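What follows is a set of notes on a single structure, which appears directly below.
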Amino acid sequence: MLSRTRWLSVPALLWLAFFFLIPLLLVIALSFLERGTYGQVVYAFTLNNYSRIADPLYGEVLLETLAVSLLTTFLTLLIGYPLAYHIARLERGWQHTWLLLVMMPFWINFLVRSYAWVVILRSQGVINTLLLSLGLIDQPLSLLYNSAAVLLGMVYALLPFMVLPVYVSLEQLDRRKLEAAYDLGASPWRAFWHITLPLTKSGVVTGSILVFVSSIGMFVVPDVMGGAKSALIGNVIQNQFLSARDWPFGSALSIVLMLLSVMLIFLYFRAIRVQEREGREER
Amino acid sequence: MKKIHLILSLLLAVGLALGAAGCSQEEEKVLNIYSWADNFDPDVIKGFEEKFGVKVNYDVFSSNEEMLAKLQAGATDYDLIQPSDYMVSTMIKLGLLEELNKANIPNLNNIVSTFQTPAFDPEKKYSIVYTWGVTGIAYNKKFIKEEITSWSDLWNPKYKGRVILLNDPREVLGMALIKNGFSNSTKDKGQLEKAAADLKTLVPGVIAFDTDNIKQKMIAEEAWIGTVWSGDAAFIHAENPDVEYVVPKEGGTIWADTLAIPKGAKHKEWAEKFINYLLEPEISVKNYESIGYSNPNEKAYPLHSEEYRANKMIFLDKKDLDRTEWLTDVGDLLPEYDRYWTELKSGR
């Protein structure tokens, strides 16, 4: 059966080979080459690009990126979990409506949505104009171009990546286990903590990894809503390919970032495996 | 998903086939331009097509680096490109430009003498200045009552949180270098370090770094003062008359977009004829009044409208121009500029 359907995977494999594997190998190769005086790539082997990353400056940029990403993940979880919980408790028809609302922003280009936030938050924007005309403030508030605005933009952009997986795991939750807990006298909070949360862990892990990995490479939100004032690793990599014309160094930074992401995905798979084993034991 | 991929790959295959078919029709009268968006008056291009029976194709890029990357990756379809000043010198050194055949461009002499021998093309073989401007200070009189004369005015604590800078390492570090009395393209690490240290004291008062939307931020009065290109300043002033523009006493960076021909261009002669056509005084008046940039064509000057000529953001004073300096390629020091830029952005 397997061998008869194997050819079905050929288009996908070819696609991946041409548009993923080969470019990836090129990036790896590029990261070991030298930058010429005028920004051309010189075909001479060097480890310099990687030793330059050891510069504490790039370590700190990476750490700050990780901190922002962790905070984004935490906030999306804090907002996304209750929302998913609410949706999972609704009637079927309403569930579909709510899920549609969660996904709808994806129909509009992300850059456009970021600029929409600028229109809302800037000093002559919707919020400030409203507050000024109501006489609640006499000076426009500085709502944009700070780290809070960056976080707002990131959480807004990535929330669906948290809500959808958590919703799926809540949806699959065996309600009888909760009923059993209540029958045995557990308080709602205790039932949630000991039954619901552990059984939806896979959704939380999936959502968190999706949000975290997406936020690591983000450079549009810091540029548009943060006024390009912070250097996140995505911005630094972008600069290497444009203003610095240092493709080898940019490639090396990308590889390091990629390894970091792969490591996280590996941890994620391990967490899932542990979870599945626990699940089997329970049954 | 796979279906989408299949459709995409089929489209790609069709595209490649069409591209290949296009290449075989070399005899056709075609001129392929690769330039910035909205850089010509469409009627001027149409006029050229009608006069010479040539079909003009117009592709756009949004940064010099994007254009360079595409040409380095082997794009050979283009006959005429518009690199900026520093990119011209880089491309000359990389051997990516064709020498211009000046016999095909008799109108070359119409260009004002200031731009006849620019520093980025010292032998004047490869490029012609198409439009130009100066990075100076734009400021909003409604909020700024003091007279603005110097780059150090950006550091005035009264404007803290209202300063805007271009999101470009060479422009911003170049500004700080000029402020400290150095060349904007220094290759001296000590000078660069001093300028970067100076900038670090300015960055906490910066509302944003922006190149693409700096105009909107000045018009909407989110920023009161900042580093702005003269052409953008003219645009901002038209929308918000409170915004003024000045070239600081220390001087500023001058820039130009040029006309040049990439190595291996298939319709080089048509490119040269197009350049010559653009330099006709009447044509250039029509072209530049439409796009709103500075015209380097000396013969065209008396033909321009009073309004266009009187605009100090389009026609800068001679004494302002004397204080300006071109950015030149800093070669091996460019990664060092980028490192300081990262340092500034990361607040360390």
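Those protein sequence lines, which keep their order, are chains V and U.
Mind the numbering: the first sequence is residues 108 to 390 in this note's numbering, read in order.
Mind the numbering: the second sequence is residues 42 to 389 in this note's numbering, read in order.
By construction, the Cβ of each residue, glycine as well, lies at the ideal position given by its N, Cα and C atoms.
Here the structure is a predicted model, which means the values were calculated and not measured.
Spatial neighbours of residue 353/V in its own chain (CB-CB distance under 6 angstroms, excluding positions within 5 residues in sequence) are listed in chain order as 142, 347.
In this structure, residue 261/U sits near residue 231/V, with a CB-CB distance shorter than 8 angstroms.
Fully contained in the region 326 to 387 of chain V are the following alpha helix (DSSP H) runs of length 4 or more, in chain order: 327 to 331, 340 to 348. Those residues of the region 128 to 159 of chain V placed with their C-beta closer than 9 angstroms to a C-beta in chain U are 142, 143, 144, 145, 146, 147, 148, 159, ordered along the chain. In the structure shown, residue 217/U adopts helical secondary structure according to DSSP, grouped into three states. Just measuring C-alpha positions, the residue of 170/U, 177/U, 243/U sitting nearest residue 358/U is 177/U.
Using a Cβ distance threshold of 8 angstroms, residue 249/U and residue 335/V count as a contacting pair. For residue 357/V, the CB contacts under 6 angstroms within the same chain, skipping 5 residues up- and downstream, are 344, 347, 348 in chain order. Residues of chain U whose Cβ lies closer than 7 angstroms to the Cβ of residue 229/V are, in chain order, 261, 263. Around residue 331/V, the same chain offers 221 as residues with beta carbons nearer than 6 angstroms, after the five sequence neighbours per side are excluded. In this structure, DSSP gives residue 104/U a state outside helix and strand, which the three-state scheme calls coil. With a beta-carbon spacing of about 24 angstroms, residue 318/V and residue 204/V fall beyond the 8 angstroms limit used to define contacts. Judged by their CB atoms, residue 333/V and residue 264/V are not nearer to each other than the 8 angstroms cut-off. Secondary structure of residue 182/U (DSSP, three-state): coil. Note on the region 274 to 359 of chain U: whole alpha helix (DSSP H) runs with a minimum of 4 residues are 309 to 319, 322 to 332, 347 to 351, in chain order. Contact between the region 290 to 299 of chain U and the region 106 to 121 of chain U is not established, with fewer than three Cβ pairs separated by less than 8 angstroms.
Counted as a single uninterrupted DSSP element, the stretch harbouring residue 138/U is not any alpha helix (DSSP H), since DSSP gives it neither H nor E. Selection 213/U, 388/U, 373/U, 382/U evaluated against residue 144/V yields 373/U as nearest (Cα-Cα). Every unbroken stretch of the alpha helix (DSSP H) spanning 4 or more residues and falling wholly within the region 149 to 208 of chain V is given here in chain order: 155 to 160, 163 to 196. Residues 132, 167, 301 of the same chain have their beta carbon placed closer than 6 angstroms to that of residue 138/U, with the five preceding and five following residues left out of the count.
Remark: C-beta atoms of residue 228/V and residue 251/V approach each other more closely than 8 angstroms.
A direct Cα-to-Cα measurement between residue 125/V and residue 214/V gives close to 28 angstroms.
When Cβ-Cβ separations below 8 angstroms define contact, residue 353/V makes contact with chain U.
A direct Cα-to-Cα measurement between residue 195/V and residue 290/V gives close to 22 angstroms. For residue 130/U, the closest C-alpha among the options 385/U, 305/U, 317/U, 163/U is that of 163/U. Under the Cβ criterion (8 angstroms, minimum of three pairs), the region 320 to 335 of chain U does not count as touching the region 195 to 211 of chain U. The beta carbon of residue 168/V falls within 8 angstroms of a beta carbon belonging to chain U, placing the residue at that interface. Just so you know, the alpha carbons of residue 234/U and residue 127/U end up roughly 22 angstroms apart.
In the three-state reduction of the DSSP assignment, residue 168/U falls in the strand class. When CB distances to chain V are screened at a threshold of 8 angstroms, the residues of the region 131 to 148 of chain U falling below it are 131, 134, 135, in chain order.
In this structure residue 72/U is buried. Its beta-carbon is surrounded by 16 or more other beta-carbon atoms within 10 angstroms. Residues 96, 97 of the same chain have their beta carbon placed closer than 7 angstroms to that of residue 90/U, with the five preceding and five following residues left out of the count.
Our two residues, residue 363/V and residue 374/V, have alpha carbons roughly 17 angstroms apart in a direct line. In the DSSP assignment, residue 76/U falls within the beta strand (DSSP E) that extends over 71 to 76. With the criterion set as a beta carbon lying under 9 angstroms from some beta carbon of chain V, the region 223 to 239 of chain U has no members that meet it. If you check the CB distance, residue 340/V and residue 172/V come in under 8 angstroms.
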